[in-house]
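Protein chains in written order, with the working numbering: chain Z, 5 to 193; chain E, 35 to 332.
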């Protein structure tokens, strides 16, 4: 059955005529072109399709698009503001928490939701909340490092020290950069 | 691999209970009630369920609440997400086994949409909230156009994905009575991995002690029979007796050998499941003997 719905994605309204069978991930990718939302297991078990629905991380493959009407949907495309990356995006880049990148949008959206609800999670809490986001390349160490960095940056931002809004936390960051650039350099030469 | 929902359906989004009752009464033969959808949608993709009508219950504002009344118990609204229950301090304090059951389920992105009502009404044998709610003797309020009735959770499960609810009935509330002060409860899920896995053998235990005497013991098991179920014979071995390690072991052996009928499948052999039942029943009840894991009611 075709149903008319308006999806509110990344701040904009999109009126759509959708088959009721369309899942949110398919609506976002195929109908609206938000290809940053990844589709992998398609049964709510891998976390790749995670988007924010009213600020909560939701598996968009197990959610009907027609049910998402009236909710505020944010995808990875909606995080950067005026060309400035979200601190979580910045931290994933700085900490080399990306390898093939397929899990990354889901990881980042899950992290944004986590830090929204719990601005100062312990490593254990991070691992617990992100247990549903599966990465098959990097292992999770650098992802956790990135989240710890993002947490520190965002804590400083909310404490009003946010003049260098997206600048990564100095201590952690320089360490990682030096180490990884050195590694890259040696392997390339 | 691309997977789509193949069977076509009409989607209904009632915003009041009355509207929902009329819809499910009208479409009871080929309609399906949906809460979070985390079971329904993957199962539609694999054609396990092929409804002509989906009636979503998550747009009914009166269905979303979580109320703890000290001295009485907990009322869970049908649309209240697992996340809201999991992070509720009263649930964590008073109903640790329910908390553990919810916490071990699936993942955060599913917790944010799924519900306890959906978990038990979908009635898979491994449902993680089933065993804790069986030991807590939860009571469901059920409505249809014909009226309201109460269904103790012990009378809910009828088979794999089958309940005793009529096709036009909707669960409107889950009431979990407050356990007595000092009740000791536990839930062991025994999955292969911590996240995103089903129970190999789920065991919930509940014990109320009166000094050294076990005033009441309750044991419930999931994933080891066609339906989640209690172990009444093992419970009877403990009730009113002085609790000892020997007696606990006897009850655990009895529950694992005579009160479940686990299958062998990809997750584990039947024998292994029985062994997990034995160990989990033992460990859960040993908490009572060792005076650990009490709920923290004042």
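Glycine residues also receive a C-beta, built at the ideal position from the N, C-alpha and C atoms.
Using C-beta distances below 8 Å, list every residue in its chain close to residue i, excluding the 5 sequence neighbours before and after it, in chain order.
i: residue 72 of chain E; result: 140, 144, 147, 148, 152
i: residue 228 of chain E; result: 138
i: residue 38 of chain E; result: 79
i: residue 109 of chain Z; result: 40, 41, 42, 52, 54, 79, 80
Please list the terminal residues of the continuous beta strand (DSSP E) segment that includes residue i.
i: residue 46 of chain E; result: 44 to 46
i: residue 186 of chain E; result: 181 to 186
i: residue 250 of chain E; result: 247 to 256
i: residue 7 of chain Z; result: 6 to 13
i: residue 15 of chain E; result: Coverage of chain E is limited to positions 35 through 332, which leaves residue 15 of chain E absent and any answer about it impossible.
i: residue 244 of chain E; result: 236 to 244
i: residue 60 of chain Z; result: 60 to 63
i: residue 100 of chain Z; result: Residue 100 of chain Z -> no beta strand (DSSP E), and no H or E assigned at all.
i: residue 231 of chain E; result: Unbroken run through residue 231 of chain E: none, as it is neither H nor E.
i: residue 68 of chain E; result: 65 to 68
i: residue 80 of chain Z; result: It is not in any beta strand (DSSP E) - residue 80 of chain Z carries neither H nor E in the DSSP assignment.
i: residue 219 of chain E; result: 218 to 222
Could you work out which residue in the options is closest to residue i when comparing CA atoms only?
i: residue 83 of chain Z; options: Z:94, Z:9, Z:143, Z:139; result: Z:94
i: residue 111 of chain E; options: E:101, E:289, E:105, E:84; result: E:101
i: residue 210 of chain E; options: E:243, E:172, E:283, E:178; result: E:172
i: residue 106 of chain E; options: E:39, E:213, E:311, E:221; result: E:213
i: residue 61 of chain Z; options: Z:29, Z:118, Z:129; result: Z:118
i: residue 47 of chain E; options: E:56, E:310, E:223; result: E:56
i: residue 44 of chain Z; options: Z:101, Z:26, Z:138, Z:11; result: Z:138
i: residue 322 of chain E; options: E:219, E:223, E:280; result: E:219
i: residue 40 of chain E; options: Z:150, Z:67, Z:23, Z:129; result: Z:23
i: residue 115 of chain E; options: E:95, E:104, E:217; result: E:95
i: residue 324 of chain E; options: E:177, E:241, E:183; result: E:241
i: residue 53 of chain E; options: E:93, E:185, E:128; result: E:93
i: residue 70 of chain Z; options: Z:90, Z:89, Z:25; result: Z:25
i: residue 16 of chain Z; options: Z:110, Z:129, Z:74, Z:142; result: Z:74
i: residue 66 of chain Z; options: E:278, E:82, E:113, E:77; result: E:77
Just to confirm my understanding: we take residue i, look at its own chain, exclude 5 residues before and 5 after, and list those with CB closer than 6 Å. What are they?
i: residue 254 of chain E; result: 165, 168, 169, 238, 264
i: residue 272 of chain E; result: 248, 251, 285
i: residue 68 of chain E; result: 74, 88, 90
i: residue 116 of chain Z; result: 92
i: residue 8 of chain Z; result: 21
i: residue 106 of chain Z; result: 42
i: residue 222 of chain E; result: 237, 314
i: residue 59 of chain E; result: 179, 202
i: residue 84 of chain E; result: 41
i: residue 121 of chain Z; result: none
i: residue 192 of chain Z; result: Confidence at residue 192 of chain Z is low in this model, with a pLDDT of 33, below 50, so its placement is unreliable and no value can be given for it.
i: residue 44 of chain E; result: 87
In terms of residue numbering, what span does the alpha helix (DSSP H) encompassing residue i cover?
i: residue 77 of chain E; result: 74 to 79
i: residue 304 of chain E; result: 304 to 323
i: residue 55 of chain E; result: 51 to 60
i: residue 123 of chain Z; result: Premise fails: residue 123 of chain Z is in no alpha helix (DSSP H) and is neither H nor E.
i: residue 270 of chain E; result: 266 to 272
Can you list, in chain order, the residues of its chain whose CB lies under 7 Å from that of residue i, leaving out five sequence neighbours each side?
i: residue 159 of chain E; result: 194, 256, 257, 259, 260, 261, 262
i: residue 172 of chain Z; result: Low per-residue confidence applies at residue 172 of chain Z: pLDDT is 47, beneath 50, and the placement is therefore not dependable, though the value from the model is reported in the following sentence. If we look at residue 172 of chain Z and ignore the five residues flanking it on each side, its Cβ neighbours are 94, 95, 98, 153, 157.
i: residue 79 of chain Z; result: 13, 14, 32, 38, 40, 41, 55
Practice item. Tell me, please, whether the region 157 to 168 of chain E touches the region 129 to 140 of chain E by the rule of three or more beta-carbon pairs shorter than 8 Å. Key: yes
Practice item. Would you check if the region 263 to 271 of chain E and the region 226 to 233 of chain E touch, i.e. whether three or more CB-CB distances between them fall below 8 Å? Key: no
Point to revise | Those runs of the beta strand (DSSP E) which lie wholly inside the region 89 to 114 of chain E and span at least 3 residues | key: 100 to 103, 107 to 110
Point to revise | Cβ pair count under 8 Å reaching 3, the region 185 to 193 of chain E against the region 289 to 302 of chain E | key: no
**Study point:** Whole runs of the beta strand (DSSP E) within the region 10 to 55 of chain Z, excluding any shorter than 3 residues
**Key:** 16 to 23
Check your understanding: Do three or more CB pairs link the region 195 to 211 of chain E to the region 296 to 315 of chain E at distances below 8 Å?
Key -> no
**Study point:** Entirely enclosed alpha helix (DSSP H) segments - the region 134 to 164 of chain Z, minimum 4 residues
**Key:** 145 to 160
Practice item. Report yes or no: do three or more beta-carbon pairs, one from the region 36 to 51 of chain Z and one from the region 85 to 92 of chain Z, lie closer than 8 Å? Key: no
Practice item. Enumerate, from N- to C-terminal direction, the unbroken beta strand (DSSP E) stretches of 3 or more residues contained entirely within the region 142 to 197 of chain E. Key: 173 to 178, 181 to 186, 191 to 193
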